[in-house]
Structure formats: C-alpha cells, structure tokens
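Accompanying notes for the structure given below.
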Amino acid sequence: MWKFCSRTAGGMAKTCGLVRPCHLVKPVSATRVAGRYLSHQRGLPCLPLPPLQQTCERYITALEPIVEADELMHTKELLEDFTKTGGLGERLQEGLEKRAQRTENWLSEWWVRVAYLEYRMPVVVHSSPGLVLPRMDFRDKQGQISFAAKLIAGVLDFKTMIDNETLPVEFLGGKPLCMNQYYEVLSSCRIPGVKKDSVVNHAKSSSPPKHISVVHNFQFFQLDVYHHDGTPLTADQLCVQLEKICSASSESDAEPVGILTTQHRDRWGKAYLRLISDKTNRESVVAVQRSIFTLCLDGATSQCSDDVYRSSAAVQMLHGGGSGGNSGNRWFDKTLQFIVGEDGTCGANYEHAPAEGPPIVALIDHVVEYTRKSEAIQAVVVPLPEPQKLQFNITAEMKEDIEEAKVSMNMLAQDLDMKVMMFGHFGKNVPKAHRMSPDAFIQMALQLAYYRMYRRCCATYESASLRMYRLGRTDTIRSASTASTSFVKAFDDPSKQNPEKMDLLEKAVKAHRSYTNMAISGQAIDRHLLGLKMQALEEKLSVPAIFTDAAYAKALHYQLSTSQVPSKTDCVMCFGPVVSNGYGVCYNPMNDHINFAVSSFNACTETDAGRLAQAVEDALLDMRTLLDQTPRAKL
Ligand code: COA
-15 MWKFCSRTAG GMAKTCGLVR PCHLVKPVSA TRVAGRYLSH QRGLPCLPLP
35 PLQQTCERYI TALEPIVEAD ELMHTKELLE DFTKTGGLGE RLQEGLEKRA
85 QRTENWLSEW WVRVAYLEYR MPVVVHSSPG LVLPRMDFRD KQGQISFAAK
135 LIAGVLDFKT MIDNETLPVE FLGGKPLCMN QYYEVLSSCR IPGVKKDSVV
185 NHAKSSSPPK HISVVHNFQF FQLDVYHHDG TPLTADQLCV QLEKICSASS
235 ESDAEPVGIL TTQHRDRWGK AYLRLISDKT NRESVVAVQR SIFTLCLDGA
285 TSQCSDDVYR SSAAVQMLHG GGSGGNSGNR WFDKTLQFIV GEDGTCGANY
335 EHAPAEGPPI VALIDHVVEY TRKSEAIQAV VVPLPEPQKL QFNITAEMKE
385 DIEEAKVSMN MLAQDLDMKV MMFGHFGKNV PKAHRMSPDA FIQMALQLAY
435 YRMYRRCCAT YESASLRMYR LGRTDTIRSA STASTSFVKA FDDPSKQNPE
485 KMDLLEKAVK AHRSYTNMAI SGQAIDRHLL GLKMQALEEK LSVPAIFTDA
535 AYAKALHYQL STSQVPSKTD CVMCFGPVVS NGYGVCYNPM NDHINFAVSS
585 FNACTETDAG RLAQAVEDAL LDMRTLLDQT PRAKL
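Position one of the sequence shown corresponds to residue -15 (our numbering), numbered consecutively onward.
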C-alpha cells in the first residue's frame, strides 16, 4: 500500500555513456513505468514563478542589512530600469513564463547545471557533504566487517522500498513532498567532463545493477549483493564476502586511483579521459559508476580524545584526511558512499548533484535502525561467487595525475578547519516552549554569534526545501534581515532592557519564519533572480546590469552558509565554507540537544571554526537566559 507519514522534509532536514543521464537532462517521470510513484508525482503542483515586481522589492529589502546606503541606492536605480514597462525584466519574465509552461519545473535543470555540474571546484569539501554517525562499538577488523555487512543489508532493505515504490510520502507543513530524489541516489554517479560534468543513473537501465563497489586499501572490488533469484545476500553472507575482499587487498601499496576524484573538475575531466582510454580501466570505472553504492572500508585513524573524535570523524567523512589518510579510499563522484573505519568510525559522503541531505539522512536513519536489530538469522551455506577485483593499468602519465591529485588534496585537507560541537544544554524543546520556531531561533543565534565576532552582519544562506513542487530542489532563506540586525545590535547594548531585547528577538524569529514560509512556497528571490539571468543567457542577451552590480556580488558572497539537516539518528552532516573567508554550518536540532558542524579555511586569518562554534554556544545560552528572565504576555 502507498503509505503516508507525517514526517516533514525538515523533520526527517547546497553535483560512461552506457545509460541515459538522469532527470537532470530528461525528467525521470517521463520515462518511469506508471505506478504509485508516478501518480504521486503527477499530483504535485508545479514550481510557481514569482511576480517580477515582488522579487525586485524583496531583493532590495534583503540587501538592506548587508550593503552600504549608496550601493543600495544604485541597485534601486538599476532595478527601476530593469522593471520599467516594456523593459528587459518584462521580456525575461515572459520567457520564464513560457519555460514554466513547457517544463515540469522551470528551475531544476538550470539549477543542477549551474550549482553543480558546471561548478568546477573539487566536489570534495566544496560541494559534497559528509555525514558523521555516532561511533559504533567495534574496534577491530572483524567488528568492522560484520557491521559493514549489516549496513549493506540495511541499504538493500531500503532499496526494496524504492524498487517497490512503497516509500512513505513525506510532508512539509501538511503538504506532500516530491519523492524524486529518492530515486536518484542509488546506482548513480557523477561523470567528470572537461568543462561540465554529467550524472548517470543506472537504476533505470534495462538491466539495473545488482552489485555494490567496495574499496579497501585503495583497491576496488565489485561485489554482487543479490542471488540469481533476486533475493539479497544476508548479512552473514555479506560478511563472508567482505572478509574475502579484505584478505585479497591486505597490502596497501596499490596506486590510489580514487584520489583522482578529489581533483579540480577540469583537471579530473582530462585525467578521466586518459584513465578510461585503457579498456581494463574503463571497465573498472564503469563497474564503480554502475554500482548501487560504494562502501569504503577504512583503516584505523589516530587515537584522539572523545572531545575531538567527532571533528576528526567529520574530516574522514568530508575528505578522508589527505593522501596519507583515506582520501584515496573513496570514489568521490559516486552519489552515495558509506564509510566504515576499523575503529568504529562510521558515516557517509554524498555527491550533491542528484539530491539534498534529507533523503540521504532518511536512508541512513533506516540503515542505522536496521544495524541495531538483533543478530541476523543464519543463512543456508551456499557457494558464493568471488568478489571481483577491479584492475587498473596505470601509465606514467596517469601516475603523474595521481601525484598531482595527492598534492592538491593534501593542501585542501590542511586548509580545512572542522569543529563538530554537541550543544547539550537544550534542543528544540526550549524555543518550542516559548512558542518560537526552533530553526529560526538557531539561525538568530548564528546571527548573534557572527555579529559578536565581527561587529557586522553578513550575507547568510540557509537552504529551504522546494520539494512541495514537482522535481523541486532548494531556494535560499536569507537569514540576515533588518529584524535580525536590530536584534543582534541591541543584544549586548547596555542601554537596552530585557523587554526590548525580547521584543526584538521575537520580531527577528518571526521574520525568519515568515521568510522560510515564503521560500518553501516558491516565493523567495534567489532562484527567480538566477532564472532571469539564465533566461537572458538563453536568449543570448547581454547579462542585465543588476547581475554585474557590486551589491549582487555581495549578496552572493555567503560568509555564513548554513543548513538544517535533522534526523532520527544522533548524527550531523558537515560541509565546507562556500567562500574563502566564510563558514559552513550544518546543524541537527534534536529535542534536547543540537549537533553542529562548523567549518572554515585555515588560510583565512579572519575565520576560526572553533571560535564560531563557541560563539554559537554562548549565543544560544544567552538567548535562553533572556527567555527565562523576561516574562512574556500570554497569547
Ligand atoms: N511554536 C512551537 N513550535 C513550533 C513553532 C512555534 N512558533 N514553530 C515551529 N515549531 C515546531 C514545528 O511544528 C516543528 O515541530 P516538530 O519537531 O514536531 O516537527 C519544529 O518546531 C521544527 O520547526 P522549525 O524549527 O520551524 O523548522 P522546520 O522543521 O519547519 O524546518 C527548514 C525549517 C527551513 C529547515 C525546512 O523548511 C526546510 O526547508 N528543510 C530542508 C532544508 C534542506 O533541504 N537542507 C539540506 C540541504 S543539503
């Protein structure tokens, strides 16, 4: 039966040629066999196109806290010209309206192209998030293998729901959500190009893959996870197979081919062509790309205190620690990689083009719960085929590519500063008890923390789900508002009394929640502005002046790039900053605590992940003190 659950997208949470690319190029639903998935998808509304005037007015409001008065004046003049009757804005808006009529979603394909496939920085740190799970209770190879076997079985269990289209539909604010992303994360992979990448999804091929890829000691294997009759291998059987893989790759002297996937995309695009010019290499690469997902079996990392454990585990999930660590024990183009270390470290890394965090986290919640179930039933002993080792012929030129990739990866690893903080004093419970949106409360704490460190507000990005609409991805909640600026400026001002601060906090939280509502209902400004720019490019017009304006550059320079990714499991997602002098902040608000992952670049002397994390903790505590000390009028 097509089940429904009341989990919100928030309540469950920024990219071979064998098979056609996924919906990014051709909408999935156009080719999927009619079923429950398709009828659900057809019932979803199309992404609305906001009115031009509304977006321009809201854009000015959004600029107020982050640009100077003269810049704002200049932008207003540019916008007046852009929106005048018969002007360029009207023409582009008409073009967008036509696009909206002929496509399932006027934005998604452009968004995936611009945000991911044409983005040329390495996917590692700059695009692909990591996810850190709580440390598991094994500390040796055998424990690692038997846990990994259960994990594979758990993913296959989830895959059955995808294959049978029995995944519970998710809801946000009472509205059903687009479920397409669930169909994009397994059996899928990003393919590097010289100027632009692509994504292939083999799940929809005439013979969908029945294997996963496993990497151990930098060596890749193809492991069939289904019997001939279509039933999945049991955890016990998977355990036997993983043991074979580990003993066939006990030496760690193999060339770390996987590290190539950490490179700048143009360089990797060129190296990729060299790599696959060899038939054996091509077959090995295709086996990884086609696989349902990749399992990375890592060695133990160096011992550290509990305090720093989660931060170092986050580094393993985000980039693997460099060439001397596990960065070569990955295939970062793979949409989904599970990572299991010998020391109980566990988590995942996912390539962002096909999906946002929430579907990944829902899958991981399911897997974690599955691994916690009582011991697997002993399976009948049957002969199982040997896992196939994927061979690579490495020429001198390819070796140079690998060495270059090692150098760049090590620089990136050294540059990234990551701090995972478990804020244990309270969680969603406190803001809820004060009738405030927990997400807005946390965002205001981030604004206060940043203001206290820099005495100014910065352009802030928070992801908002557009999944109420068919093939919807995200828009931007701009957390720095006029209301948040008034609140942060007043908070430490000794001339202000608590009731006034409280009033400003309430207004800031309400303003944030109202921006959130606007964003999730397709009425925010950022994707519309992008659409207008893309439409100009599509019509081969010169880029409108509003997009070459200094204020626009400031608006897109997100020194705080943030995202809420909630889950049932006590975990946290992590990602890198999106600008050199910025922070990446991901958080998971649980009922009575909040997990934060804060990142920054060491090369920037102004930023410090640990300091921001501390400032966030202080801000949250000080805001609660304000709530406790200031009685509020009853509603
Ligand atoms: N009083 C009491 N409770 C309130 C409240 C109020 N004024 N406002 C909200 N709440 C409750 C909600 O009912 C909800 O309850 P629940 O825990 O029982 O579900 C809870 O507080 C959380 O609500 P809130 O904090 O407002 O956030 P949200 O869950 O609506 O999420 C976003 C907000 C922006 C994170 C969400 O809309 C979204 O878009 N998520 C997807 C983001 C994404 O894709 N991230 C990944 C990028 S890789």
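Where is the CB? At the ideal position from N, CA and C, for every residue including glycine.
Quantities reported herein were computed from a predicted structural model and do not represent experimental measurements.
Residue i beta carbon near the ligand COA (any heavy atom closer than 7 Å)
i, result
"L604", "no"
"R497", "yes"
"Q398", "no"
"K416", "yes"
"P342", "yes"
"Q85", "no"
"K412", "yes"
"Q203", "no"
"S421", "yes"
"I578", "no"
"I509", "no"
"A448", "yes"
"I348", "no"
"A520", "no"
"L161", "no"
"T458", "yes"
"A424", "yes"
"P371", "no"
"Q548", "yes"
"L156", "yes"
"P113", "yes"
"T614", "no"
"T500", "yes"
"I504", "yes"
According to DSSP, residues forming a beta bridge with residue i
i, result
"F322", "L279, A332"
"Y21", "DSSP, once it has assigned bridges, lists no residue as partnering Y21."
"I175", "S182"
"M405", "F580"
"T546", "E446, V569"
"Y210", "P216"
"Q203", "H200"
"Q287", "In the DSSP output, where bridge partners are listed per residue, Q287 has none listed."
"C558", "G114"
"Q519", "Q519 is not bridged to any residue."
"K254", "Bridge partners of K254: none, in fact."
"H195", "D208"
"P160", "F155"
"L400", "F585"
"K373", "F205"
Alpha-carbon spacing of residue i relative to residue j, whole angstroms
i, j, result
"W252", "Y103", "13 Å"
"L281", "N413", "38 Å"
"G328", "M105", "31 Å"
"G304", "A346", "23 Å"
"P343", "Q126", "30 Å"
"H110", "V98", "14 Å"
"D291", "P369", "43 Å"
"T218", "D250", "41 Å"
"S130", "Q507", "48 Å"
"Q255", "F204", "What sits at residue 255 in the sequence shown is Ala, not Gln. So the alpha carbons of these two residues sit roughly 18 Å apart."
"A529", "L62", "7 Å"
"S564", "V209", "42 Å"
"E168", "D612", "46 Å"
"S498", "A448", "12 Å"
"T546", "L540", "13 Å"
"E239", "A232", "15 Å"
"E149", "G19", "8 Å"
"D606", "A284", "39 Å"
"Q351", "L140", "Per the sequence shown, the amino acid found at residue 351 is Val instead of Gln. Going from the Cα of V351 to the Cα of L140 covers about 9 Å."
"S189", "F277", "16 Å"
"E340", "R457", "7 Å"
"K552", "M120", "16 Å"
"L244", "G560", "19 Å"
"A14", "G27", "With a pLDDT of 32 at A14, under the threshold of 50, the predicted position of this residue should be treated as unreliable, and no value is reported."
"Y21", "A429", "39 Å"
Residue-level contact to chain D via CB, residue i, 8 Å cutoff
i, result
"F407", "Chain labels in this structure do not include chain D; a single protein chain is all it has."
Worksheet item: Can you list the alpha helix (DSSP H) stretches of 4 or more residues lying completely in the region 97 to 134, in chain order?
Response: 107 to 110
Fill in: Complete alpha helix (DSSP H) runs within the region 431 to 501 (minimum length 4 residues, chain order)
466 to 475
Item to complete: Starting from the N-terminal side, write out each stretch of the alpha helix (DSSP H) that is 4 residues or longer and does not extend beyond the region 16 to 87.
Response: 20 to 26, 36 to 47, 53 to 67, 72 to 86
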